[in-house]
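Visitor:
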Amino acid sequence: MDTGFFDKVKELKFTSRKHRISDEDAVDRINSYYTPIIIIFISTIIGTKMYLVGDPVQCWIPPEFKDGWEQFAENYCWVKNTYYVPENESIPSDKLDRSREELTYYQWVPFVLALQALLFYLPSAIWKLLNWQSGIHISDLVSTALNCLEDDKQKRQEKVALLTRHIELTIVKQRTQKYGLIVRTKRLIFRILFCGYTKTGNYLTMMYLGIKLLFIANVVGQFFLLNSFLGTDYKFYGWEVLNDLINNRDWHHTGHFPRVTLCDFDIRVLGNMHPRTLQCVLVVNLFNEKAYIFLWFLFVFVSIITIVDAIAWFLWTLLSKRRYATIKKYITPADQQERRMLRDFLEEHLRADGAFVLRIISKNAGDPVVSDVVKQLWDSYRASPSTKNSRPIRDNDYADPMLSATGEPNSEKGTFV
Numbered sequence: 064m065d066t067g068f069f070d071k072v073k074e075l076k077f078t079s080r081k082h083r084i085s086d087e088d089a090v091d092r093i094n095s096y097y098t099p100i101i102i103i104f105i106s107t108i109i110g111t112k113m114y115l116v117g118d119p120v121q122c123w124i125p126p127e128f129k130d131g132w133e134q135f136a137e138n139y140c141w142v143k144n145t146y147y148v149p150e151n152e153s154i155p156s157d158k159l160d161r162s163r164e165e166l167t168y169y170q171w172v173p174f175v176l177a178l179q180a181l182l183f184y185l186p187s188a189i190w191k192l193l194n195w196q197s198g199i200h201i202s203d204l205v206s207t208a209l210n211c212l213e214d215d216k217q218k219r220q221e222k223v224a225l226l227t228r229h230i231e232l233t234i235v236k237q238r239t240q241k242y243g244l245i246v247r248t249k250r251l252i253f254r255i256l257f258c259g260y261t262k263t264g265n266y267l268t269m270m271y272l273g274i275k276l277l278f279i280a281n282v283v284g285q286f287f288l289l290n291s292f293l294g295t296d297y298k299f300y301g302w303e304v305l306n307d308l309i310n311n312r313d314w315h316h317t318g319h320f321p322r323v324t325l326c327d328f329d330i331r332v333l334g335n336m337h338p339r340t341l342q343c344v345l346v347v348n349l350f351n352e353k354a355y356i357f358l359w360f361l362f363v364f365v366s367i368i369t370i371v372d373a374i375a376w377f378l379w380t381l382l383s384k385r386r387y388a389t390i391k392k393y394i395t396p397a398d399q400q401e402r403r404m405l406r407d408f409l410e411e412h413l414r415a416d417g418a419f420v421l422r423i424i425s426k427n428a429g430d431p432v433v434s435d436v437v438k439q440l441w442d443s444y445r446a447s448p449s450t451k452n453s454r455p456i457r458d459n460d461y462a463d464p465m466l467s468a469t470g471e472p473n474s475e476k477g478t479f480v
């Protein structure tokens with residue numbers, strides 16, 4: 064399959080670098096940021112038309128109705144639901160048959176759209192929470208990397224050094240650090256859920272793959288939610304509705320988003336109930352039809368790029384040669400001994416999480432910053448006593464210049480901005 068198109072999508076720059084601070088890739092941002100914005104925009108337009116501007120439903124009123132009855136009847140029909148009967152069919156006499164044809168969705172469209180937007184954002188919120196709990200604050204790393212692009216050479220080198228030391232602290236030191244019972248229990252739960260934790264070197268990577276699966280589950284579930292909410296039997300809703308419109312099969316024939324509906328209500332006169340059936344116009348369904356056709360095709364696009372992107376990430380994770388190739392391209396070993404050291408550097412020092420963090424930084428800030436960070440990580444690894452003397456890594460080998468001895472931020476040494 065030609066994935067060139069999807070590679071271009073991943074490289075899209077929707078905002079300036081200064082404001083594009085993220086701990087995800089471009090496809091994740093399409094899911095968690097741009098798609099919810101589009102849905103909320105549509106929800107706002109429809110909600111404004113329904114509840115703030117104009118009348119969502121207008122009914123034909125018999126001449127004997129007195130002043131005020133028209134507004135009452137329209138409000139009642141809006142709240143109670145209307146039902147649709149094709150013009151060439153007789154209105155059913157049985158109330159149960161009429162209730163089966165009721166349109167129950169149109170009042171709730173703005174709220175369901177808001178729920179759909181929230182569902183698109185939810186996997187990203189979970190990822191940010193778990194990422195923050197891990198102690199590896201990728202968004203801070205990306206922010207610092209982006210600032211490196213705007214600084215002069217000296218400040219750039221200082222911030223690259225901060226990035227390097229922070230990655231060493233969070234990726235390497237956490238694998239040798241001991242934790243209390245509560246933290247160990249939390250990490251055990253994470254290990255069961257995501258097949259790893261920080262000490263194994265694959266905690267972030269496996270957790271991120273789990274988030275990718277959540278993105279896929281969400282966008283696939285959106286199709287089922289759409290069909291269930293609208294009560295349609297179409298399997299490919301947007302395509303089939305669009306095909307109906309192209310072939311001049313509008314709502315008169317299909318019953319989808321009907322503009323003219325019926326409403327029943329009773330009027331009490333002198334203690335007696337008088338049933339009435341009114342013919343009403345649902346102007347809002349004109350907007351609903353076009354909005355849901357657009358959203359269906361949007362979901363198709365998002366689902367395709369999300370699935371392809373997830374497959375690419377799974378292959379990158381499973382194939383260590385492919386995973387480490389993204390880092391090895393920045394390093395040139397001088398001899399056979401350094402080639403062996405490079406293998407240990409990749410497999411035992413950085414491991415999957417280190418490669419993952421560097422890849423996320425690369426996707427958000429570009430290769431130049433990552434190249435400098437990788438070179439400093441490599442130089443630090445070669446110069447570390449643990450490498451020279453083949454002894455276990457000690458905490459002091461990777462002291463974070465951003466933290467004081469008590470673990471608090473050190474304002475004198477610098478911090479992420």
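Each position in the sequence shown, counted from 1, maps to that position plus 63 in our numbering.
From the three backbone atoms N, C-alpha and C, an ideal C-beta is built for every residue, glycine too.
The structure presented is a predicted model; accordingly, all values stated were derived computationally and were not measured.
Residues in its own chain within less than 6 Å of Val433 by CB, not counting five upstream and five downstream?
Guide: So the qualifying residues of the chain are Leu421, Ile424, Ser425.
Visitor: Between Ile209 and Ala375, how many whole angstroms is the CB-CB distance? I'm expecting something under 8 Å.
Guide: Here residue 209 turns out to be Leu, not Ile, going by the sequence shown. Not a contact, Cβ separation roughly 23 Å.
Visitor: Alpha carbon to alpha carbon, how far is Asp372 from Trp171? Give it in angstroms, no decimals.
Guide: Distance between the alpha carbons of Trp171 and Asp372 is about 33 Å.
Visitor: Taking the C-alpha atoms as reference points, what is the distance between Tyr461 and Ser95?
Guide: Confidence at Tyr461 is low in this model, with a pLDDT of 44, below 50, so its placement is unreliable and the value that follows should be read with caution. Whole-angstrom Cα-Cα distance: 35 Å.
Visitor: If we count Cβ pairs, one from each stretch, closer than 8 Å, do we get three or more for the segment 403-417 versus the segment 360-370?
Guide: The segment 403-417 is not in contact with the segment 360-370.
Visitor: So Phe328 and Tyr139 are in contact, right, with Cβ under 8 Å, and what is the actual spacing, rounded?
Guide: 5 Å between Cβ atoms; contact.
Visitor: Apart from the five residues just before and just after Gly284, which ones in its own chain have a Cβ nearer than 8 Å to its Cβ?
Guide: Leu182, listed in sequence order.
Visitor: Would you tell me roughly how many angstroms separate the C-alpha atoms of Ile456 and Pro186, rounded to the nearest one?
Guide: Annotation note: pLDDT 44 at Ile456 (below 50); position unreliable, no value reported.
Visitor: Determine, using beta-carbon pairs with one atom in the segment 106-126 and one in the segment 339-355, whether at least three such pairs fall under 8 Å.
Guide: These segments touch.
Visitor: If you draw a straight line from the alpha carbon of Tyr266 to that of Arg414, how long is it in whole angstroms?
Guide: Cα to Cα, Tyr266 sits roughly 10 Å from Arg414.
Visitor: Report, in whole angstroms, the separation of the C-beta atoms of Leu325 and Ile154, which I expect to be a contact under 8 Å.
Guide: At roughly 7 Å, the Cβ-Cβ gap stays under 8 Å, so Leu325 and Ile154 are in contact.
Visitor: Between the segment 214-226 and the segment 397-408, do three or more beta carbon pairs fall short of 8 Å?
Guide: With a cut-off of 8 Å, the segment 397-408 and the segment 214-226 do not count as touching, because too few Cβ pairs lie within range.
Visitor: Shorter than 7 Å, the distance from the beta carbon of Asn290 to the closest heavy atom of the ligand GDP, or not?
Guide: Looking at this structure, you won't find the ligand GDP or any other ligand, since it has none at all.
Visitor: What is the residue span of the beta strand (DSSP E) that His337 lies within?
Guide: His337 -> beta strand (DSSP E) spans 335-344.
Visitor: Assuming Val304 is part of the alpha helix (DSSP H), what are its boundary residues?
Guide: Looking at the DSSP string, the run of the alpha helix (DSSP H) that includes Val304 is 300-309.
Visitor: In this structure, does DSSP put Asp407 in helix, strand or coil?
Guide: If DSSP states are grouped into helix, strand and coil, Asp407 belongs with the helices.
Visitor: Suppose you measure from the CA of Phe419 to the CA of Gln399; what does that come to, to the nearest Å?
Guide: Their Cα atoms are separated by approximately 26 Å.
Visitor: Mapping the DSSP letters down to three states, classify Glu137 as helix, strand or coil.
Guide: Three-state DSSP puts Glu137 in a helix.
Visitor: Can you tell which of Asp435, Leu166, Leu382, His200 has its C-alpha closest to the C-alpha of Glu87?
Guide: Comparing Cα-Cα distances from Glu87 to each of Asp435, Leu166, Leu382, His200, the minimum goes to His200.
Visitor: When you compare only the Cα positions, how much space is there between Ile234 and Pro396?
Guide: About 23 Å.
Visitor: If we ignore side chains and look at the alpha-carbon of each, how far apart do Asn281 and Phe128 end up?
Guide: Roughly 49 Å separates the two Cα atoms.
Visitor: Hey, would you say Tyr355 sits closer than 8 Å to Leu288, going by beta carbons?
Guide: Taking 8 Å as the Cβ cut-off, Tyr355 and Leu288 do not qualify as a contacting pair.
Visitor: In chain order, which alpha helix (DSSP H) runs of at least 4 residues are fully inside the segment 82-159?
Guide: Here the runs fully enclosed are 89-92, 98-114, 132-143.
Visitor: Rounded to the nearest angstrom, what separates Tyr271 and Val148 at their Cα positions?
Guide: Distance between the alpha carbons of Tyr271 and Val148: 50 Å.
Visitor: In the DSSP assignment, the alpha helix (DSSP H) including Arg445 goes from what residue to what residue?
Guide: Its alpha helix (DSSP H) spans residues 430-446.
Visitor: Taking just the CA atoms, how far does Glu165 sit from Glu150?
Guide: One C-alpha to the other measures close to 16 Å.
Visitor: Taking C-beta to C-beta, are Ile102 and Ile189 nearer than 8 Å?
Guide: Contact: no.
Visitor: Flag this pair as yes or no: are the beta carbons of Arg322 and Leu305 separated by less than 8 Å?
Guide: In this structure, Leu305 does not lie closer than 8 Å to Arg322 by Cβ.
Visitor: Who are the near neighbours of Ser453 in its chain, counting only those whose CB is closer than 7 Å to its CB and skipping five residues on each side?
Guide: Any reading at Ser453 is ruled out, since the residue's pLDDT is 49, under 50, leaving its predicted position unreliable.
Visitor: Please tell me whether Leu176 and Ser106 are closer than 8 Å, where the distance is taken between their beta carbons.
Guide: Yes. Within cutoff.
Visitor: Helix, strand or coil, according to DSSP, for Phe320 in the structure here?
Guide: Note: Phe320 maps to coil in three-state DSSP.
Visitor: Closest by CA to Leu440, which one among Ser383, Met336, Ile394?
Guide: Residue Ile394 is the option with its Cα nearest to Leu440.
Visitor: Glu213 by DSSP, collapsed to three states: which one?
Guide: Of the three classes helix, strand and coil, the one that applies to Glu213 here is coil, per DSSP.
Visitor: State the Cα-Cα distance for the pair Asp91 and Thr369, rounded to the nearest angstrom.
Guide: Roughly 8 Å between the two C-alpha positions.
Visitor: What are the boundary residues of the alpha helix (DSSP H) that includes Lys191?
Guide: 172-196 is the extent of the alpha helix (DSSP H) around Lys191.
Visitor: I'd like to know if Leu293 contacts chain C, where contact means its C-beta is closer than 8 Å to some C-beta of that chain.
Guide: Looking for chain C here will not work: only one protein chain is present.
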